[in-house]
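What follows is a single structure, written as C-alpha cells, with notes after it.
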Amino acid sequence: MRTLIVTIAVTLAMLAASPSFAATQNNTITTARIDISNLAVVPFITAGTNARTEKKLSSTLDCALSGLCYREQEILTRTEQSLTNQLRQEVAEYYGNALVPQPQVTQHFLTMKKAKKDTPRAIAVRLGQQLNVDHVIMGIVWRYQQRVGNTLSADQPASVAFDLFLLNVANKKLVWHGSFDKTQQALSDNLFNAALLFKTGIKWLSAEELAGYGIKKTLEELPQ
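Residue numbers (my numbering): 1423 to 1646.
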C-alpha cells in the first residue's frame, strides 16, 4: 500500500510539471541575496475591466492608476482584503520577523493621497517611506472569478490572475516580480497539487483556494 501511495505521489508530481497542469507563471528574480530589515505588504490593487483587456500583466508597475482604471476607495474590497491576508500569511513564512503590522499598513494605504498619474511603484514606494521600511511587496489582481457550483459540480471554474512586485524603497528599484494566471480546466486539474489532493480529495477549487495556491507557488522563488 505504501509503495502504491509513493507511486501515485510521483506520478502527480510529474503531472504538475506538465504544460496541461501547470499554471502560467512569469517570475523575474534577482540573483543577489537581499537583506530585508523591515517589510510592508501593500494591499492589493484591483485593475478595472478595460485595463484587464488592454494591459499586459508584466508591464503594470509603472502604469498610471488612470490606465489601470483604479478607483480610490475608503475600504478594501472583499477580494483585495482576502488576497492581502493570504499574501501576508505566505510572506510571513519567509520574513515574519520583518513584517510591519498589517492594520498599520492598510490604514496608511487607504488614507494616503493618490493621483491619477501615480503608478503602483510610486504609491508603494511612498507608502514604504511613510512606514519607514526598506522594502515593500504589492500585488495587482487582474482576474478573480468565483466558482459557480460546488466542489463536485461546477458550471464555471474558479479563475485567478495577479502580479506580485517586491521593491526596494530607497532606490525604488524592482527586486523581484512574479505573476500567476490560472483557470481550473477540469475536475482532475486539482492534480496540479498532489499535497492538496491527498488533503481534500479531487474537487473544484474556490477562487480563494486557487489564489492561495497561486500566491504560495509564486512566492517559492522569492529572494531570501
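Beta carbons: idealized from backbone N, C-alpha and C, even for Gly. This structure is a prediction, so every number in the text was calculated from the model and none was measured.
query, result
"For ALA1576, which beta-bridge partners are listed by DSSP?", "GLY1571"
"Output needed for THR1499: all residues of its chain with C-beta closer than 7 Å, excluding positions within five of it in sequence on either side, in chain order.", "THR1468"
"Judging by CA-CA distance, which residue of TYR1516, GLN1524, GLY1518, ASN1519 is the nearest neighbour of SER1504?", "GLN1524"
"Locate the beta strand (DSSP E) running through LEU1632, then write down its first and last residues.", "Where LEU1632 is concerned, there is no enclosing beta strand (DSSP E), although the alpha helix (DSSP H) it sits in stretches over 1629–1640."
"How many angstroms separate the CA atom of VAL1555 from the CA atom of TYR1516?", "16 Å"
"Run through the DSSP bridge pairs and tell me what VAL1591 is partnered with.", "According to DSSP, VAL1591 bridges with nothing at all."
"If contacts are defined as beta-carbon pairs under 8 Å, then ALA1629 and GLN1508 qualify, I think. What distance do you get, rounded to the angstrom?", "With a Cβ gap of about 11 Å, ALA1629 and GLN1508 do not count as contacting."
"Just to confirm, is the Cβ distance from ARG1565 to ALA1576 under 8 Å?", "no"
"What residue range is occupied by the uninterrupted beta strand (DSSP E) comprising THR1605?", "1596–1605"
"I'd like the list of long-range same chain contacts for LEU1588, defined as Cβ closer than 6 Å, with 5 residues on each side in sequence excluded.", "ILE1559, VAL1597, TRP1598"
"For the alpha helix (DSSP H) that VAL1513 lies in, which residues bound it at each end?", "1500–1517"
"Whose CA, out of VAL1464, THR1640, PHE1584, LEU1574, lies closest to the CA of ILE1624?", "LEU1574"
"Can you have a look at SER1459 and say buried or exposed, based on whether 16 or more other CB atoms are within 10 angstroms of its CB?", "exposed"
"Near THR1605, what residues of its chain come up, given a Cβ to Cβ distance below 7 Å and the 5 sequence neighbours on each side ignored?", "PRO1579, SER1581"
"With 16 other CB atoms within 10 Å as the buried threshold, where does LYS1539 fall?", "exposed"
"Pull up the distance between the alpha-carbon of GLY1571 and that of ILE1456, whole angstroms please.", "44 Å"
"Would you kindly report the start and end of the unbroken alpha helix (DSSP H) that includes ALA1546?", "1542–1553"
"Between SER1601, LYS1594, GLY1636, which has its C-alpha nearest THR1541's C-alpha?", "LYS1594"
"Could you tell me which of ILE1545, VAL1513, THR1640 sits nearest to ASN1584, measuring between CA atoms?", "For the record, residue 1584 in the displayed sequence is Phe; it is not Asn. Among ILE1545, VAL1513, THR1640, the Cα nearest to that of PHE1584 belongs to THR1640."
"By a C-beta neighbour count over all protein chains shown, 10 Å radius and 16 as the cutoff for buried, is ALA1608 buried or exposed?", "exposed"
"Taking the beta strand (DSSP E) that VAL1463 falls in, what are its first and last residues?", "1461–1463"
"Out of curiosity, what's the CA-to-CA distance linking GLY1518 and ARG1510?", "9 Å"
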